[in-house]
Structures are given as C-alpha cells and as structure tokens.
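In this text, residue positions in the first sequence follow the working numbering: the first is 1, and each later residue adds one. Idealized CB from N, CA, C, for every residue including glycine.
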Amino acid sequence: EVAQSCLMQAYALSGHIRKASKLFGEMPEKDVVSWTALLKTYAEAGILSRAREAFDSMPKRNIISWNCMLQAYTNTGHLCEAETLFYSMPAWDVVTWTCLIVAYTQNRNLSKALDAFQRMPLRDTVCWTAVMQAYAQQGYLREASAMFENMPVRGSVSWNGILVAYIENEEFDSANKIFTKMPFYDIVSSVSMLTAYAQCGHILESEKLFAGLIFKDLISWTAMISAYSTNGRVEESKSVFTKMPCWDIVTYSVMVQAYAHKRHILEAEQIFQTMPFQDVIARNTMVAAYAHCGHMIKARGLFDGMEDKN
RNA sequence: AGGUCUGAUGUUGGGCGA
C-alpha cells in the first residue's frame with residue numbers, strides 16, 4: 001500500500017485531482033500520508049470544502065495533516081478560521097508558525113507576523129526568510145536587510161528573496177551587490193536579474209545572463225521572451241518562442257502580449273488560438289490586446305463570452 | 001534501548017489586472 005500511496009502523491013503533486021481522488025477511493029488501506037496528500041491536493045486547488053471533508057474523515061491526524069488544513073484556510077483567504085484552527089491544534093511546530101507568519105504577511109499584518117515570530121520557540125532558516133519577506137513586502141527594506149544579515153544560516157531562498165526585494169524597490173546597486181556576493185549559482189536569482197536588466201533597458205545584460213544559464217527551464221525561456229518584448233524586440237521574442245523545447249500557458253500569454261505590444265494583432269490572435277487551453281489571464285491578455293489595437297468589437301465579444309471573469 | 005537515511009506540510013524567479 002506504500003506503492004499506491006506514492007502513486008497517489010504523484011497525482012496529488014501534479015494537480016491531477018480527479019485521478020488522485022479516484023485512486024484514493026480504490027485504495028484498500030489508506031494511511032495518514034495518503035489522507036494528507038489528498039487534503040493537500042484539495043487545498044492547493046482552492047476547494048476548501050473538500051479539504052475540510054478530507055480532514056474530518058481522516059481516521060488519524062498528525063502535525064502535518066493539521067498544518068495542511070491550516071494552509072487550506074490561509075490559501076483561500078480564511079484567516080479567522082485559520083486562527084481558530086491554530087488555537088485548537090494539539091501541537092505547533094516550526095512549519096505551523098511559519099504558515100501563520102505567511103498568512104499574516106499576505107494580509108499585510110506585519111505586527112502580527114512579527115508577534116508570531118517572537119512567540120515561536122525555535123526558528124529555522126525558512127521562518128527567518130519568511131519574516132524577512134514580511135518586512136520587504138511592506139517596504140521596510142532596511143529591516144529586511146537586517147533580517148538577512150542576522151539570520152543564523154542563509155539558504156538560496158533567502159538570497160533570492162532579498163535580491164528580489166531590492167529589485168522591486170529599484171535599488172539596483174544593492175541588488176547587484178547581493179547577486180555578485182552569492183556563494184552559489186542559482187537559476188532563480190539569475191532569472192530575477194535577467195528580468196530586472198530588461199526592465200531597465202539593458203537587454204544585452206539579460207542576454208548574457210540567459211546565455212550563461214547552466215540549465216534553461218521553462219520559466220527562464222519565458223522570461224527571455226518577455227525581456228525582448230519589454231524592449232520592443234518582438235522578432236527576437238518569436239525566435240526564442242520557436243526555439244524552446246516546450247511551452248506552457250504563460251509562455252503563450254507572453255507571446256500574445258509581445259505581439260499586441262507591437263500592434264501585430266493577427267499574430268497575437270494566431271498564438272492565442274493555438275494555445276492548448278486558455279485560462280482567465282490568457283483571455284484577459286487577449287481582450288487587452290484587441291483593445292490596444294483598436295478592435296473594440298472583438299474585445300467586447302471575447303469579454304462577453306468569458307465564463308470566469310475576475 | 002539509541003542513532004542515520006528512505007513516501008505527505010512552510011519562505012524566492014516568467015503572463016493580464018490589482
């Protein structure tokens with residue numbers, strides 16, 4: 001049954017909700033890990049009711065199950081319910097506290113996030129990094145920087161977090177210092193810098209970073225398409241689009257946006273129509289593309305047909 | 001009896017809008 005449990009988790013991790021719940025129903029023996037994986041799948045899909053149902057049906061719960069349920073509430077914006085659950089939990093660990101800190105951060109409640117950080121008995125790199133992000137998100141760069149300097153151990157996420165914080169506050173000199181001081185290579189920070197350079201019009205630097213990537217993943221390919229588009233180089237965008245090994249919904253949307261930006265509405269439309277499926281953001285992009293190019297009737301038509309307007 | 005490693009949870013990068 002461990003094998004089935006693993007398969008279940010594979011479905012769960014890849015977001016195959018239907019397959020996961022089908023297999024789950026067919027499993028003769030369900031251990032706490034399978035139940036928790038199912039719970040997590042519903043939580044990530046934002047189906048709070050099913051998550052709660054799974055949580056209530058579990059014959060046994062451990063700290064991880066409780067943490068997943070806590071996340072189900074916080075990820076769907078139910079902070080009050082999350083707090084209630086938090087206080088009814090049999091135990092708290094460092095993950096529990098970090099979930100709470102992140103939830104407060106998402107609600108822009110820095111003081112409660114800091115309070116939780118003070119109250120937790122043990123602090124690891126992840127929660128230090130989360131609090132650093134809490135400061136950064138509120139624009140307290142100096143405090144974020146102090147957290148970065150003071151944390152006992154810095155992981156790659158900590159380095160990337162402070163790097164992006166500097167970039168978002170347009171402190172490019174500090175960002176550059178951090179980037180060159182990093183003790184290891186990391187694709188995430190490279191792509192962050194690539195995007196930052198593009199937004200400043202330094203496309204040559206973006207190209208250098210892209211060429212220097214040891215491994216190019218889907219996100220980095222897409223970031224390069226976007227970088228060219230930001231600098232008005234739609235032909236290069238298209239060339240990257242053609243060259244890359246695989247695409248996802250974001251890649252297509254970026255390419256639609258790139259064409260629309262240059263008012264190449266026919267090409268934009270063609271990319272849009274070749275998408276394997278379209279999410280709400282892709283349709284929003286296409287509506288904006290039509291509008292940008294003066295095709296108000298088509299924009300309106302697409303808009304009116306959308307079932308999932310946000 | 002004690003320890004280590006194996007399946008599930010928290011923090012960072014690409015798209016519209018905010």
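Query raised in the report: Measuring CB to CB, does valine 191 end up less than 8 Å from alanine 223?
Result: yes
With C-beta atoms as the reference, is cysteine 99 less than 8 Å away from asparagine 67?
-> yes
Specify the secondary structure class of histidine 78 as computed by DSSP and reduced to three states.
coil
Practice item. Measure the alpha-carbon distance for lysine 112 versus phenylalanine 86 and round it to whole angstroms. Key: 14 Å
Open item on the list: To test your reading of the DSSP string, which unbroken beta strand (DSSP E) runs of 3 or more residues are found completely within the stretch 166-230?
Closed with: none
Practice task
Taking the CB atoms as reference points, tell me whether alanine 54 and leucine 38 lie closer together than 8 Å.
Solution key: yes
Quick one: residues in its chain with C-beta nearer than 8 Å to the C-beta of tyrosine 185, no 5 flanking neighbours on either side, listed in chain order?
Ile214
Open item on the list: Which same chain residues end up closer than 7 Å to asparagine 231 when comparing Cβ atoms and leaving out the 5 residues on each side of it in sequence?
Closed with: Ala198, Gly201, Ile203
Determine the burial state of threonine 274: buried for a count of at least 16 other Cβ atoms within 10 Å of its Cβ, exposed for fewer.
exposed
When you compare the CB positions of threonine 195 and alanine 227, do they come within less than 8 Å of one another, or not? yes
Worksheet item: When burial is assigned at 16 or more other CB atoms within 10 Å of the CB, is valine 280 buried or exposed?
Response: exposed
Under the three-state reduction of DSSP, which class applies to cysteine 68: helix, strand or coil? helix
| task | Tell me whether lysine 262 sits in a helix, a strand or coil according to DSSP, three-state version. | result | coil
Give me the Cα-Cα distance between tryptophan 221 and glutamate 205, rounded to the nearest whole angstrom. 15 Å
| message | Tell me the DSSP secondary structure of asparagine 160 in three-state form. | response | helix
Exercise for the section: Could you check how far apart the C-beta atoms of valine 234 and histidine 264 are, in whole angstroms? I think they sit under 8 Å. Expected result: 7 Å
If I follow the unbroken alpha helix (DSSP H) through tryptophan 35, where does it start and stop? 32-45
Rounding to the nearest angstrom, what Cα-Cα distance links serine 145 and serine 57 in this structure? 44 Å
Classify histidine 295 as helix, strand or coil using the three-state DSSP reduction. coil
Q.
Please return the same chain residues whose Cβ sits closer than 8 Å to the Cβ of cysteine 127, not counting the five positions on each side in sequence.
A. Val94, Trp97, Thr98, Ile101, Phe117, Met120
Check your understanding: For serine 229, which of Tyr42, Met255, Asn169 has the nearest alpha-carbon?
Key -> Met255
Output needed for alanine 91: all residues of its chain with C-beta closer than 6 Å, excluding positions within five of it in sequence on either side, in chain order.
Ile63
- [ ] Please report how far the alpha carbon of alanine 268 lies from the alpha carbon of threonine 242, in whole angstroms.
- [x] 14 Å
Requested in this report: Note down the Cα distance separating glycine 77 from threonine 105, rounded to an integer number of angstroms.
Outcome: 12 Å
- In terms of residues, what are the limits of the alpha helix (DSSP H) holding tryptophan 97? 94-106
Exercise for the section: Find out if the Cβ-Cβ distance for the pair methionine 182, serine 174 is shorter than 8 Å. Expected result: no
Taking DSSP as the reference, what is the three-state secondary structure of tyrosine 140? coil
Inspect the beta-carbon positions of leucine 79 and alanine 103 and report whether they are closer than 8 Å.
yes
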